[in-house]
Amino acid sequence: MNDDRVIIKVENLRREFIVGGEKVKALRGVSFTIREGEFVTIMGTSGSGKSTLLNILGCLDTPTSGEYYLDGVSVREMSKNRRAVMRNRKIGFVFQNYNLLPKTTAIENVELPLLYNPEVSTSERRRRAIEALEAVGLGTRLNHKSNQMSGGQQQRVAIARALVNDPVIILADEATGNLDTRTSFSILMLFQELHARGRTIIFVTHNPELAAYSSRNIVLRDGKIVSDTYNDFPASAREAYDNLPKEND
């Protein structure tokens, strides 16, 4: 890991929409830098601008003005097709609702991003999918279908899918939002383990309690950053998990 390598740089991002004939300023001059190996939570209530920022960081949208550099490359003026390639090669997405293909095996779901890369052979695609699933603790569930798995297992498949392209950043959108407390902490444990291995993670959430488990917290309000703080000693998700009441208590 190179601590000086800048993965994301945004400069004075602004995003405006016309809604019902009125101009809505979703982002109002947002600037920050994220370096390789950081685990960042981006927080804010509904209307804070975090969903708009997520879409820009994920190359799903472009700002009205300002600059966005992903792994040193300017994204703002890219064509839609070029952004799609950048998104597939550089970003691993983890969603609240898992977004798995129904009645499809874990391996097949994880292979999906590689189908869009003609440089990856069928055998290599399978090898990478198995390796990613083993990395998230699902080596014994390779051929289980998504409708045969618990919510926590499905989210682990989604995380394996995010890892399979070896992206420069993992972008998680409310990744524990649909999970019970025990399963949420098990997923947080996995994110902390990935961070310890050098992965760069952005975790977008409305839940301020999750900030304690990351190394940096950015808070948005009304389209602006109101707080950007570092956490030298993140709480241990494993310790929190171990201290939860047992299910039969």
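Here the sequence shown is numbered in our numbering, starting from 383 and rising by one per residue. We put the CB at the ideal spot given by N, CA and C, even for glycine. It should be emphasised that the depicted structure is a prediction, and the values quoted were computed from it without experimental measurement.
Query                                                                                                                                                                                             : Result
Report yes if the CB atom of I424 is closer than 8 Å to the CB atom of R397, and no otherwise.                                                                                                    : no
So what does DSSP say about A557, is it helix, strand or coil?                                                                                                                                    : coil
Please list the terminal residues of the continuous beta strand (DSSP E) segment that includes V546.                                                                                              : No beta strand (DSSP E) contains V546, which DSSP labels as neither H nor E.
Look up G474 in the DSSP assignment and say whether it is helix, strand or coil.                                                                                                                  : strand
Could you tell me which uninterrupted alpha helix (DSSP H) segments, each at least 4 residues in length, are contained entirely in the region 494-552, listed from first to last along the chain? : 504-517, 533-545
Grab me the residues of R507's own chain with a C-beta within less than 7 Å of its C-beta, minus the 5 sequence neighbours each way, in chain order.                                              : E493, L496
Is R579 helix, strand or coil by DSSP?                                                                                                                                                            : coil
Can the beta-carbon of H577 be found less than 8 Å from the beta-carbon of F414?                                                                                                                  : no
Which of the three DSSP states, helix, strand or coil, is assigned to M383?                                                                                                                       : Bear in mind that a pLDDT of 47 at M383, under 50, signals an unreliable position, so the number given afterwards is only what the model happens to contain. In the structure shown, M383 sits in coil (DSSP, three-state: anything other than H, G, I, E or B).
On the DSSP bridge assignment, give the partners of K606 in chain order.                                                                                                                          : R603
Residue range of the beta strand (DSSP E) that N589 falls in?                                                                                                                                     : Where N589 is concerned, there is no enclosing beta strand (DSSP E), given that its DSSP letter is neither H nor E.
Count the other C-beta atoms from every protein chain shown that fall within 10 angstroms of the C-beta of L626, then say buried if there are 16 or more, exposed otherwise.                      : exposed
Tell me the DSSP secondary structure of Y450 in three-state form.                                                                                                                                 : strand
Could I get the ranges of all uninterrupted beta strand (DSSP E) runs contained in the region 399-426, with 3 residues as the minimum, in chain order?                                            : 404-417, 421-425
Please name the residue in A517, P500, I473, K472 whose C-alpha comes closest to that of I489.                                                                                                    : A517
Using only CA atoms, which one of F477, G519, N529 lies nearest to V586?                                                                                                                          : F477
Take T487 and list the residues in its own chain whose beta-carbon comes closer than 6 Å to its own, dropping the five residues that flank it on each side.                                       : N525, K527
Shortest alpha-carbon distance to L553 belongs to which of T563, E393, E404, I541?                                                                                                                : I541
Can you tell me the Cα-Cα spacing of G533 and R579, whole angstroms?                                                                                                                              : 24 Å
My output table needs one value for D631: the three-state DSSP class, helix, strand or coil.                                                                                                      : With a pLDDT of 42 at D631, under the threshold of 50, the modelled position of this residue cannot be trusted, and the question is left open.
Classify K391 as helix, strand or coil using the three-state DSSP reduction.                                                                                                                      : strand
Could you work out which residue in L442, R509, I389, S597 is closest to Y451 when comparing CA atoms only?                                                                                       : I389
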